[in-house]
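Some notes on the structure that comes next.
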Amino acid sequence: MKLCRFDADRLGLVDGERVFDVTSALSALPAAHYPLPRVDLLIAHLPELRGAIEATAKSAKPLALKDLKLLSPIANAGKVVAAPVNYKKHLEEARADAEIHHQKQVAEIQNVGLFLKATSAIVGPSEGIAIRHAERRTDHEIELAAIIGTKADRVTREHALDHIAGYCIGLDITVRGPEERSLRKSIDSYCVLGPCFVTADSVPDPSSLDLELKVNGEPRQRANTRDLIIGIADLIVFASSFYTLMPGDVLLTGTPEGVGPIKPGDIIDASISKVGSMQVKVRAG
Ligand code: MN
């Protein structure tokens, strides 16, 4: 199943290039009251809602996916957990390029661990990327984003993948420089999620997905998730050994080699096999 969030917070069931408006199925979600739960309610209750979503789609008129304003498919992520330098060739590239490593030793992920991006940075593909600190180098990073579906606290490798609800494409946009990663990667709009949320049953093997990112039609990043240094299951084991992962939490699994600068006016095309493709415009912030 593929879901998108579009226009004014509508929920869509995606079938190829068509989208069925299934927003009314959300009425089955439990009412939320202050203090609001720190989970994404749709992701937390998706297993019970699937039947209603499919039934609603049957009587909905199809819309054209290309005409919709696509928002982040995850509306209320509690946290964005991200893996730094998790592809070997990107590690080599980062160590070789002073503008990327910024006079700091680039450590292997096993030693440096994970970092967090602010959830306020999340946008959907149609919202675009608004560049701040335009005088500094800002890079694109395409990553497979795994969305947590069930509470995961100190899970074992054997059960780790069971906690994934699904996947989307993540763009971990990054200002290069000496400050902490969490600061440089948390600017508003620097975490693009899209185009849709694809449930885990539609991605039977997340460890063999092709990723590709182009800027203005020029290929920049091309890789496969089989080249991850720490695979998705082990990332969940690692992350959940420190903090409890909750439904709707986003796990950015790391970017492969080929990162490079973007500037206002650029157009990014990003795709991941089985997950989808999206176009994202870059503008001045
Ligand atoms: Mn990254």
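Mapped onto the working numbering, the consecutive letters of the sequence shown carry residue numbers 4 to 288. Glycine included, C-beta positions come from ideal geometry on N, C-alpha and C.
Alpha-carbon to alpha-carbon, residue j and residue i
i	j	result
D24	L44	18 Å
E51	D100	49 Å
A3	M281	A query on residue 3 cannot be resolved here, the shown segment of the chain reaching from 4 to 288 and no further.
K217	H36	43 Å
A137	S30	43 Å
R13	I112	38 Å
D208	L231	14 Å
E130	E221	22 Å
H162	A287	43 Å
Where residue i falls, given that 16 or more other Cβ within 10 Å makes a residue buried
i	result
R135	exposed
T159	exposed
P38	exposed
F9	buried
L32	exposed
G116	exposed
Q108	exposed
F245	exposed
E182	exposed
H143	buried
E215	buried
K82	buried
L186	exposed
Q224	buried
Cβ-Cβ distance between residue i and residue j below 8 Å
i	j	result
N114	I233	no
S123	D191	yes
V178	V278	no
I289	I271	Because the chain spans 4 through 288 in this model, residue 289 falls outside it and cannot be assessed.
L68	E20	yes
I132	V283	yes
P76	G251	no
F92	E260	For clarity, residue 92 is Lys in the given sequence; the question names Phe instead. Going by C-beta atoms, K92 is nearer than 8 Å to E260.
P87	V195	no
A203	I176	no
A155	T59	no
R53	F118	no
F200	L6	yes
Minimum Cβ-Cβ distance from residue i to chain D less than 8 Å
i	result
P87	No chain D appears in this structure, which consists of one protein chain only.
Between the segment 255 to 262 and the segment 144 to 160, do at least 3 Cβ pairs fall closer than 8 Å?
-> yes
Which parts of the segment 234 to 259 are runs of the alpha helix (DSSP H), unbroken and 4 residues or longer, counting only runs that do not cross its ends?
-> 235 to 243
Runs of beta strand (DSSP E) wholly within the segment 52 to 132 (minimum 3 residues, chain order) = 65 to 67, 83 to 85, 118 to 120
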